[in-house]
Every structure is written in structure tokens, then in C-alpha cells.
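Reading through the C-alpha cells given below for one structure.
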Amino acid sequence: MKRSLIALFLLVTGVVSVGIVTTSVEAHTRTVKVKVSKSGFSPSSIDIEAGHKLNLVFNRANDKNCGSTVVFASRGIRKTLPVGKDVVVSIIPNESGQISFACGMGMYKGSIVVSEG
Ligand SMILES: [Cu+2]
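Using our numbering, you'd call the opening residue of the sequence shown number 3 and step up by one each time.
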């Protein structure tokens with residue numbers, strides 16, 4: 003009986019602490035839609051605090067632009083952008099500074115500006 007109570011206690015505290023972690027990450031999540039068109043990325047500059055999660059939702063407006071790929075060179079991320087489809091890139095920057103992204107040919111440029119959390 004005692005043993006099962008202890009087990010139950012551990013289970014409950016475990017669930018609660020996982021719940022807190024999940025909540026704090028979600029509370030610090032920023033989602034930004036980024037349109038890709040012949041004028042490049044819009045917006046092309048996105049602010050975020052270090053330690054917060056950023057979801058960039060890329061949507062390529064049409065095929066009259068060369069934004070068929072988005073590349074985050076410093077993070078080793080490369081994603082294809084099909085016309086009209088949302089493509090999410092999630093990043094949790096751990097220090098302040100800039101994270102650049104570009105189209106596959108480096109013509110369209112954008113940056114994530116990370117401030118100290
Ligand atoms: Cu390009």
C-alpha cells in the first residue's frame with residue numbers, strides 16, 4: 003500500500019513537472035507567417051528573444067519567383083517551398099545575435115534578430 007502511494011506520488015509530480023515545462027515553452031512561442039514572392043521574404047526581419055521558440059510559416063505565393071527553397075545555412079536547415087503550401091521552420095535560438103536565411107540562390111535574404119532573453 004505504502005509503496006503504491008509513493009509510486010503514485012512520483013507519477014503525479016512527474017506529470018506536473020512535465021506539464022509546467024510544456025506550458026512555459028508554449029507561452030514563449032512566437033509564430034510568424036512569412037510570404038515568399040518576387041519581392042523576397044515578407045517580413046524579412048523577425049525579432050525573437052533567446053530561449054523562445056520561433057515558428058516561421060513560409061508560404062510561397064506563386065512560381066514567378068525563385069524562392070523554391072529556404073536555407074538556414076548556420077543551422078543546416080534546407081526546406082523546399084511548394085507553391086501555396088505552408089512550410090514551418092521551428093527554431094529556438096539559445097543566444098542573442100542574428101540568424102540569416104535565404105533562398106537557394108542567395109538572392110532573397112532574411113534574418114532572425116535574437117535579443118537576450
Ligand atoms: Cu533565389
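We put the CB at the ideal spot given by N, CA and C, even for glycine.
Where residue i sits in the DSSP three-state scheme
i          : result
residue 75 : helix
residue 29 : helix
residue 94 : coil
residue 52 : coil
Sheet register partners of residue i (DSSP bridge)
i           : result
residue 66  : None; residue 66 has no bridge partner.
residue 83  : DSSP, once it has assigned bridges, lists no residue as partnering residue 83.
residue 42  : 39
residue 61  : 37, 88
residue 112 : 103
Other residues of its chain near residue i: CB distance less than 6 Å, five sequence neighbours each side excluded
i          : result
residue 93 : 56
residue 36 : 43, 58, 60
Sequence-distant residues of its chain with Cβ nearer than 8 Å to residue i (five each side left out)
i          : result
residue 30 : 51, 53, 54, 55
Residues of its chain near residue i, where Cβ-Cβ distance is below 7 Å and the 5 sequence neighbours each way are ignored
i           : result
residue 119 : 51, 52, 53, 54
Query raised in the report: Just the residues with CB closer than 5 Å to a heavy atom of ligand 1, in chain order, which are they?
Result: 68, 105, 107, 109
**Report entry** Contact the segment 79-91 vs the segment 60-68: 3+ CB pairs below 8 Å
**Finding:** yes
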